[in-house]
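The structure under discussion appears below in the form of structure tokens.
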Amino acid sequence: MARERIPRQKLRARNPKERIKDFEEVALGFTEEQAISEAKRCLMCKKKSCVGGCPVGIDIPEFIALILKRDYESAIKKIKENNNLPAICGRVCPQETQCEVVCTLLGKEEAVAIGTLERFVADWEIVHSKLKKPKMGNKNGIKVAVVGSGPAGLTAAADLAKYGYTITLFESLSASGGVLRYGIPEFRLPKKILDIETEYVKSLGVEIKLNTLIGRTFTVRDLFEDGYKAIFLGTGAGLPYFMNIPGENLNGVYSANEFLTRVNLMRAYEFPKYKTPIKIGERVAVVGAGNTAMDCVRVAKRLGAKEAMIVYRRTEKEAPARRAEIEHAKEEGIEFRFLTAPVKIEGNEKGAVKNMTCIKMELGEPDKDGRRRPIPIKGSEYTMPINTVVIAIGQGPNPLIPHTTKGFETHEGGELKVDNNYMTSIKGVFAGGDITTGEGTVIAAMGAGKKAAAAMDRYLKEQK
Amino acid sequence: MYKITNKKILAEGITMFEVEAPLVIRQARPGQFVIVRLNEFSERIPLTICDSDKSNGTITLIIQEVGRSTKDLCALNVGDEISDILGPLGTPTEIERFGTVAIIGGGVGAAELYPVARALKNKGNKVIVILGARSKGLVILEDEMRVIADEITITTDDGSYGIKGLVTDALVKLIERGEIINRIICCGPILMMKAVTEVARPKNIATVVSLNAILLDATGMCGSCRVTVGGKTHFSCVDGPDFDGFKVDFDELLLRNKRFLDEERKALEL
């Protein structure tokens with residue numbers, strides 16, 4: 000019998016005119032009917048290529064089959080066998096380049112909306128079911144330290160706790176979550192969801208110690224002295240890159256990290272109820288076209304910028320941001336200036352940004368990443384009035400840990416070197432996520448945290 | 000939560016607290032600071048670690064009321080709790096045997112210099128202290144500094160105590176009498192640090208200034224505190240707060256520290 004051809008369900012989103020007035024979530028997720036309808040589209044194919052596309056290897060057809068049976072309780076249990084943070088992944092993973100890009104349907108029709116289905120069951124659990132602890136290993140009394148509570152650290156800590164280790168998770172900020180807390184705005188990932196997912200990790204027996212900066216509060220060596228038998232470093236890539244153009248230290252020029260940390264972690268958008276200030280002008284330029292840049296420009300709009308634009312040296316095709324985020328930004332009235340690069344920022348007598356000079360670019364031959372290299376067009380410079388500039392051109396690993404503990408080997412960009420078992424050049428110290436790869440995705444960091452946790456378990460068993 | 004165990008008013012608008020923060024003490028060195036957030040609505044502000052007591056796990060913070068956050072903190076009492084304290088932060092001050100070191104503090108800058116002066120004295124340096132304040136009632140840590148210093152001069156803007164004038168006047172006198180100064184370490188308002196640097200420059204006396212840029216995370220992830228030193232951008236939270244005074248772009252820092260002036264006023268009015 001021929002399979003009924005059902006179109007991919009559309010993800011519901013709030014009206015752009017309304018949503019730019021607040022920081023509440025834009026995408027609304029599937030209704031139950033939509034979820035069932037979408038689940039029917041899965042072919043339940045034998046080769047399960049989608050599973051291979053998922054960095055943490057969720058058994059996707061299995062959980063989709065459970066959705067079809069309306070057994071959401073079992074569906075979420077199935078997901079949590081591999082993924083400790085499904086409500087987050089269902090929202091922020093770039094599924095179109097991971098599980099969904101290898102979906103068997105693709106080519107004939109649109110891929111199954113795996114991410115939104117994952118989100119559906121995770122959200123269902125939050126509303127309908129008490130969070131349940133999974134099967135835990137017996138407590139073995141061995142202390143393991145996890146440094147950094149971003150996606151890599153949370154995942155490694157949760158998995159190691161499940162193996163039976165006693166886990167302390169050290170975080171430098173006043174709240175856990177890493178980029179999920181300070182980077183991704185409320186309108187893409189509500190902090191309530193992050194809090195619930197973090198509570199789940201804590202329920203596995205992970206102790207989270209906030210306000211503790213490894214490298215300063217204590218060093219990696221101190222952790223061994225304190226009886227930790229192994230250490231996982233998941234400290235991310237939180238060092239912002241600047242452009243090194245004139246005027247970059249003028250008032251009104253922010254790194255994306257500063258801009259987003261003020262808004263997301265410190266809630267500056269609720270100033271003066273929250274005491275951390277943020278200042279924004281009428282015309283805002285965000286430099287870059289990754290997800291961070293999209294977050295910044297959409298935040299700028301919500302903070303009341305009359306015009307908020309993306310300035311990017313390549314074309315829309317090369318933009319690293321998720322398509323959905325670029326679409327959402329366009330709907331919200333964000334202007335895009337492609338093939339454009341800033342060369343100079345100028346200020347007024349008070350040192351505040353007044354205008355920005357850009358140069359137009361054309362695309363040349365592909366570089367070593369395969370992306371066509373932007374080349375400046377001579378004499379194409381033009382100046383426009385700008386009051387706020389946010390630099391979102393990427394970031395590197397924070398050098399604090401290798402600087403304060405001797406013996407770490409690093410790559411040229413400062414990323415920690417690790418072997419096939421995620422072990423650094425210091426015995427017993429493992430690392431994963433952006434600290435080893437440079438800026439990557441949330442789910443790639445989770446995948447690394449998961450594999451590193453398994454490798455640490457093997458290592459610790461060999462040590463006995 | 001971090002509990003306040005002692006409180007003392009040092010001068011009008013300047014309060015000293017001892018706070019339980021046992022984790023901060025382990026690696027703390029002179030010149031380092033903490034980030035403090037009073038409660039979930041508060042901002043993160045930097046405060047120097049003025050002293051620490053290993054036996055009861057406390058650190059000493061000296062806070063001058065200059066805006067909303069410092070006013071809220073100074074209103075706290077013994078037994079109250081501070082939500083977040085992160086530290087120690089920043090690169091410690093270089094403590095070596097330099098010879099003769101002039102320690103120059105303006106106002107509450109003395110709080111940062113006290114542990115530095117003590118460490119330098121213990122290392123065998125001759126320590127000459129100059130403390131400046133607007134008037135007599137605002138001079139802090141004089142007794143503590145007297146115990147350490149080989150020589151101490153107090154200056155007040157209005158002449159109500161010590162020498163009438165600025166810290167630079169006292170520094171010029173030291174130089175004029177032929178004192179060989181091997182190093183100056185200076186902490187206070189930006190204009191004062193700039194003025195001290197300009198006195199030291201023609202004499203080529205190495206001058207370390209402790210900068211007070213606007214911090215946010217203070218772990219090197221945002222660049223809010225970036226300063227230009229020797230033509231290059233540095234993050235003062237991790238590369239500093241100490242820098243070579245001869246290389247610092249003080250004028251840029253002055254402008255950058257006025258970034259949120261309007262918002263600071265608004266928050267204070269609440």
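Each protein sequence line maps, in turn, to chains A and B. Numbering that gives the first Met the number 0 numbers the first residue of the first sequence as 0 and each following residue consecutively. Numbering that gives the first Met the number 0 numbers the first residue of the second sequence as 0 and each following residue consecutively. The C-beta atom is built at its ideal place from N, Cα and C for all residues, glycine as well.
Over the uninterrupted alpha helix (DSSP H) stretch that includes residue i, give me the two end residues.
i: Met445 (chain A); result: 441-462
i: Asp433 (chain A); result: 433-436
i: Gln33 (chain A); result: 31-38
i: Lys157 (chain A); result: It should be pointed out that residue 157 (chain A) corresponds to Ala in this sequence rather than to Lys. Per DSSP, Ala157 (chain A) belongs to the alpha helix (DSSP H) from 150-162.
i: Cys295 (chain A); result: 290-301
i: Met144 (chain B); result: 141-147
i: Glu124 (chain A); result: 113-127
i: Thr197 (chain A); result: 190-202
i: Asp250 (chain B); result: 249-255
Enumerate in chain order the residues of its own chain whose CB-to-CB distance from residue i is below 7 Å, with the five nearest sequence positions on each side excluded.
i: Leu46 (chain B); result: Phe32, Val33, Val35, Leu60, Ile62
i: Lys20 (chain A); result: none
i: Leu459 (chain A); result: Ile141, Lys228, Ala229
i: Leu264 (chain A); result: Leu172, Ala174, Arg180, Tyr181
i: Asn290 (chain A); result: Ala320, Arg321, Glu324
i: Glu268 (chain B); result: none
Measure the C-alpha to C-alpha separation of residue i and residue j and round it to an integer number of angstroms.
i: Ala444 (chain A); j: Phe234 (chain B); result: 27 Å
i: Thr14 (chain B); j: Val115 (chain B); result: 20 Å
i: Gly52 (chain A); j: Glu247 (chain A); result: 40 Å
i: Leu130 (chain B); j: Leu212 (chain A); result: 33 Å
i: Glu438 (chain A); j: Glu414 (chain A); result: 10 Å
i: Asp221 (chain A); j: Thr404 (chain A); result: 10 Å
i: Gln462 (chain A); j: Leu65 (chain A); result: 41 Å
i: Glu117 (chain A); j: Gly89 (chain A); result: 5 Å
i: Pro384 (chain A); j: Arg282 (chain A); result: 7 Å
i: Val226 (chain B); j: Met192 (chain B); result: 15 Å
i: Met242 (chain A); j: Val286 (chain A); result: 10 Å
i: Ser379 (chain A); j: Arg266 (chain A); result: 40 Å
i: Thr465 (chain A); j: Asn256 (chain A); result: In the structure displayed, chain A extends from 0 to 463; residue 465 (chain A) sits before or after that span and is not available.
i: Arg4 (chain A); j: Arg18 (chain A); result: 33 Å
In chain order, what residues of the same chain lie with their CB nearer than 6 Å to the CB of residue i, ignoring the 5 residues before and after it?
i: Cys186 (chain B); result: Gly104, Gly108, Glu111, Leu112, Ser209
i: Gly237 (chain A); result: Asn397
i: Leu159 (chain A); result: Val143, Ile166, Ala452
i: Leu137 (chain B); result: Ala10
i: Tyr253 (chain A); result: Val389
i: Val298 (chain A); result: Pro184, Val262
i: Asn420 (chain A); result: Ala454
i: Met0 (chain A); result: Reliability of the predicted coordinates at Met0 (chain A) is poor, the pLDDT of 45 falling under 50, and the value obtained from them is presented with this limitation in mind. Counting only Cβ-Cβ distances below 6 Å, and skipping sequence neighbours, we find nothing.
May I ask which residues mark the beginning and end of the beta strand (DSSP E) holding residue i?
i: Ala144 (chain A); result: 142-146
i: Val153 (chain B); result: The amino acid at residue 153 (chain B) is misidentified as Val; the sequence shows Ile. Note, Ile153 (chain B): beta strand (DSSP E), 150-155.
i: Ile44 (chain B); result: 44-47
i: Phe241 (chain A); result: No beta strand (DSSP E) contains Phe241 (chain A), which DSSP labels as neither H nor E.
i: Leu168 (chain A); result: 165-169
i: Ser209 (chain B); result: 206-209
Could you have a look at residue i and say whether DSSP puts it in helix, strand or coil?
i: His327 (chain A); result: helix
i: Pro384 (chain A); result: strand
i: Ala164 (chain B); result: Correcting the residue identity first, residue 164 (chain B) is Gly in this sequence and not Ala. In the structure shown, Gly164 (chain B) sits in coil (DSSP, three-state: anything other than H, G, I, E or B).
i: Cys236 (chain B); result: coil
i: Cys357 (chain A); result: strand
i: Glu108 (chain A); result: strand
i: Glu72 (chain A); result: helix
i: Val18 (chain B); result: strand
i: Cys186 (chain B); result: strand
i: Pro365 (chain A); result: strand
i: Met308 (chain A); result: strand
i: Gly86 (chain B); result: strand
i: Glu95 (chain B); result: coil
Just to check my reading of the structure: residue i and residue j have Cβ atoms closer than 8 Å, yes? What is that Cβ distance to the nearest angstrom?
i: Thr115 (chain A); j: Gly28 (chain A); result: 7 Å
i: Leu170 (chain B); j: Val195 (chain B); result: 6 Å
i: Gly395 (chain A); j: Ala151 (chain A); result: Between Ala151 (chain A) and Gly395 (chain A) the Cβ distance is about 16 Å, and since that is not below 8 Å, they are no contact.
i: Gly161 (chain B); j: Ile153 (chain B); result: 3 Å
i: Lys122 (chain B); j: Glu95 (chain B); result: 7 Å
i: Ala148 (chain B); j: Ile179 (chain B); result: About 17 Å separates the two Cβ atoms, so there is no contact after all.
By Cβ distance below 8 Å, which residues in the same chain neighbour residue i in space, the five residues on each side in sequence not counted?
i: Asn256 (chain B); result: Ile189, Asn211, Ala212, Ile213
i: Arg313 (chain A); result: Ala288, Phe337, Leu338, Met360, Leu362, Arg370, Arg371, Pro373
i: His410 (chain A); result: Lys416
i: Leu165 (chain B); result: Gly131, Thr154, Asp156, Met191, Ala194
Going along chain D in order, which residues have a C-beta closer than 7 Å to the C-beta of residue i?
i: Ser223 (chain B); result: Absent from the structure: chain D. Protein chains present are A and B.
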